[in-house]
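For reference, the structure discussed in these notes is given below.
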Amino acid sequence: RISAPDQYMPLLVLDIFEDLPGVPGLFLACAYSGTLSTASTSINAMAAVTVEDLIKPRLPSLAPRKLVMISKGLSLIYGSACLTVAALSSLLGGGVLQGSFTVMGVISGPLLGAFILGMFLPACNTPGVLSGLATGMALSLWVAVGATLYPPSTQSLGVLPSSADGCVMPSANASEFLGQLLATNTSSRNSSPEMDLDRPALADSFYAISYLYYGALGTLSTVLCGALVSCLTGPTKRS
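Counted the way the UniProt record's numbering counts, the sequence shown spans residues 1 to 239.
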């Protein structure tokens, strides 16, 4: 009934509130309204930043009314682009949430590390920040690309199967269930998975870390590398 981990929550809601008319629709409306409020705020923010930072400095003679019309038009364009990307995301094989968190972690993690260096390490200099930012971005991007090209196995991730083939039916007796269980165990022992010789050694260890840790990896590597390079190249002295 499901094909991706993102579908567990809707399936759970449908199973629990199957006998209550209107409750699954209420859940869908709440989820949609929360997503819509977040998306509309982001779209309006992008339109406002575009008008203030790109259009007004180059066209200072535009009237405020025209700027408002341009901002509304940009909101329409950005909203249409978001709808197009959302429609195309249904064609992707993996989870959309995982892809978005991966991109945000790879980009935002090193940037957070650069801000931490500037706020809490006064001795950090420009070469240290730039080298730390480059190192954090390269390391997090390397892990993300490696995990995409060589996805870790379900055994290393500990992912439980989504199929309910081995579950006991209410009408099944114990002898039938034990017979099916013994047959399944025997077949799984006899069938040994083939080793992939082209698979790197880091596929099931370094590449197998969760995509939620990409940001922390980029932040930590940026701070460590930035502090080390700043100490080696001469820390910034307070005047």
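Note that CB positions come from ideal geometry on N, CA and C, so glycine has one too.
Check, Outcome
"8 Å contact criterion, which Tyr-214 and Thr-102 should meet: CB distance rounded", "6 Å"
"Bounding residues of the alpha helix (DSSP H) (the contiguous stretch that carries Gln-98)", "96 to 120"
"CB contact flag (Cys-124, Gly-234, <8 Å)", "no"
"Limits of the alpha helix (DSSP H) - the one that Cys-225 falls within", "214 to 233"
"Backbone CA spacing between Val-106 and Ala-208 [nearest angstrom]", "15 Å"
"Environment of Pro-57 [buried if 16+ CB atoms lie within 10 Å]", "exposed"
"Residues near Phe-120 by beta carbon distance below 6 Å, same chain, minus five either side", "none"
"Contacts around Gly-128, its chain only, beta-carbon distance under 6 Å, and the 5 residues preceding and following it disregarded", "Gly-226, Val-229 and Ser-230"
"Buried versus exposed call for Leu-11 [16 or more other C-beta atoms within 10 Å across all chains shown]", "exposed"
"Supposed contact pair Ala-48 and Ser-80 - C-beta distance, whole angstroms, cut 8 Å", "Not a contact, Cβ separation roughly 18 Å."
"Three-state secondary structure (DSSP) of Lys-72", "helix"
"Start and end residues, alpha helix (DSSP H) containing Cys-124", "Here Cys-124 belongs to no alpha helix (DSSP H), and DSSP marks it neither H nor E."
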